[in-house]
Structures are given as C-alpha cells and as structure tokens.
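**Q** Heads up: take any position in the sequence shown, counting from 1, add 105, and you land on our numbering. Note that beta-carbon positions come from the ideal geometry of N, C-alpha and C, so glycine has one too.
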Amino acid sequence: MFSLYSPNMLKTFQQCPRKFYYRYVKNINMPVNDDIFEFGKNIHALASYYLRKEFIDKMELSLTEKESAVWQYLKNIKYFSYEVVNTEYNLAVKIGDSFFGGRIDALVKNGEEYYILDYKTGAIPKNPKYDFQTMIYIMAVSEFFKTERVNFVYIDLKNRDEAKINYTPELGEEYRERLLSITDKINHCELPDKKSECSCEYSPVCF
106 MFSLYSPNML KTFQQCPRKF YYRYVKNINM PVNDDIFEFG KNIHALASYY LRKEFIDKME
166 LSLTEKESAV WQYLKNIKYF SYEVVNTEYN LAVKIGDSFF GGRIDALVKN GEEYYILDYK
226 TGAIPKNPKY DFQTMIYIMA VSEFFKTERV NFVYIDLKNR DEAKINYTPE LGEEYRERLL
286 SITDKINHCE LPDKKSECSC EYSPVCF
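Shown next, in the form of structure tokens:
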C-alpha cells in the first residue's frame, strides 16, 4: 500500500499495470519531451504569480509569441476575477484506509462556490467527470472546506474551451467507490505479461 495515491499514479495503473510497476514501484523515470513540459510549466508559474498579485511584468515580456497568446486568454477568463483561496495547492483526503492527493493549479471562490481550476496546454480528459484528477481534487476540497459547493473546471488552453463538473453528494459517493476499487486492484495486483503491442516510454526496460 502506498502512503499517498496521486491522479497520475491511478491513471498509469489503469493504462498499464506494468508501467505502474516500473514508474512507482521500481522508481524508474524515463525521458519526457522537455519542450512540452517547459511550455506548460511557464504558463502555470505565470498564472500562480498573477493570482497571488505578484509583479509579473518582466515575465510577460519574456514570453514567446505562442506563450503570450495563451496567457492573454487565460488571464482574462472569468474565474481569475474570483477570490483566490490558494495556488499550486497541495491537498489530500483520506478515503477508507488510503490517502489521495495532489497539487491543484488554483482554487478560487465566488460567494459560497469553490472552483478548482486546472489548466491544460494539451487535451482535456476524454471523460472529465470521471477522471481521477477530478475525483480526488473535488473530494479533497469538499472534505477540507466542509462544503458541497465545489466545482472542477478544466481550462483547455489549446482550444480555448472549458469542461466543468459540479459536485453532488451522490457523485461524491460514486467517486469514493471508484477510488477504493482501483486501490484495491493495485494492492492485489500481480504483474501481468507484457503486451506485445506496447510502445510506451518504458518499452526499453519492460521485459
């Protein structure tokens, strides 16, 4: 059993238990595309400083044309006018005997409504309502702030769109069961045979 399950851990296990084994049990890290990573990191950092009302003029001047276009869209979304609770926010929740958590890009509030913001420089999840990130962050915010008025908003920076999920107690119970189910599978999983068609970044070390 792990001390804390993150959304990426659960997504990885769902995608491929062998990949999960190499990444989170053997702690083998494989190279990633630095350009994509740096682009997302720059936008996330800028958003965090902006919401905290820090001086960002020099940072804005250093943006590439692509970054600047994305940033202009992001900083003008309505959620950035709401009350800022926190940014780059580590939060966890205990469900059953396990802890689930991660880092929220931003948490804002409008009246009694909380909004979890997640900026995507790539694609929004295909099924955002049941993405592990949605489930864990909504449950964590609801529990920590003792409220049912929680919303998760994926900000699609590529297509300038959004996907919004509203929390309900019924949905929370469903999330609870889904999270407990996958951690039970992880705890009782035997390493399956390698898929013949596997071509992920762990292929060179997957035997």
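Here's a check: name, in chain order, each residue in its chain whose Cβ is nearer than 6 Å to the Cβ of S111, leaving out the five neighbours to either side.
**A** Locating residue 111 in the sequence shown gives position 6, where the first residue counts as 1. Here the set comprises G207.
**Q** Counting only runs that start and end within the segment 111 to 138, where is the alpha helix (DSSP H) found for 4 or more residues in a row?
**A** List check, alpha helix (DSSP H) in window: 112 to 120, 122 to 125.
**Q** So the alpha helix (DSSP H) R281 belongs to, where does it begin and stop?
**A** Taking the first residue of the sequence shown as position 1, residue 281 is located at position 176. Its alpha helix (DSSP H) spans residues 274 to 292.
**Q** I229 by DSSP, collapsed to three states: which one?
**A** To locate residue 229, count along the sequence shown from 1; it is residue 124. Correct three-state label for I229: coil.
**Q** If you draw a straight line from the C-alpha of K163 to the C-alpha of M114, how long is it?
**A** The residue labelled residue 163 in the question sits at position 58 within the sequence shown. The residue labelled residue 114 in the question sits at position 9 within the sequence shown. So the two alpha carbons sit approximately 36 Å from each other.
**Q** Going by beta-carbon coordinates alone, are P233 and T239 separated by less than 8 Å?
**A** Translated into positions along the sequence shown, residue 233 becomes position 128. Translated into positions along the sequence shown, residue 239 becomes position 134. Yes, the pair counts as a contact, with Cβ atoms nearer than the cut-off.
**Q** Within the same chain, show all residues whose beta-carbon is closer than 8 Å to that of E282, passing over the 5 residues directly before and after it, in chain order.
**A** Taking the sequence shown and counting its residues from 1, the one referred to as residue 282 is at position 177. Correct list: empty, nothing qualifies.
**Q** Please confirm whether E193 and N215 have their CB atoms less than 8 Å apart.
**A** Position 88 of the sequence shown, counted from the start, is the residue given in the question as residue 193. Position 110 of the sequence shown, counted from the start, is the residue given in the question as residue 215. For E193 and N215, no; Cβs fall outside 8 Å.
**Q** Taking only three categories from DSSP, how would you classify I161?
**A** One-based indexing of the sequence shown puts residue 161 at position 56. Reduced to three states, the DSSP call for I161 is coil.
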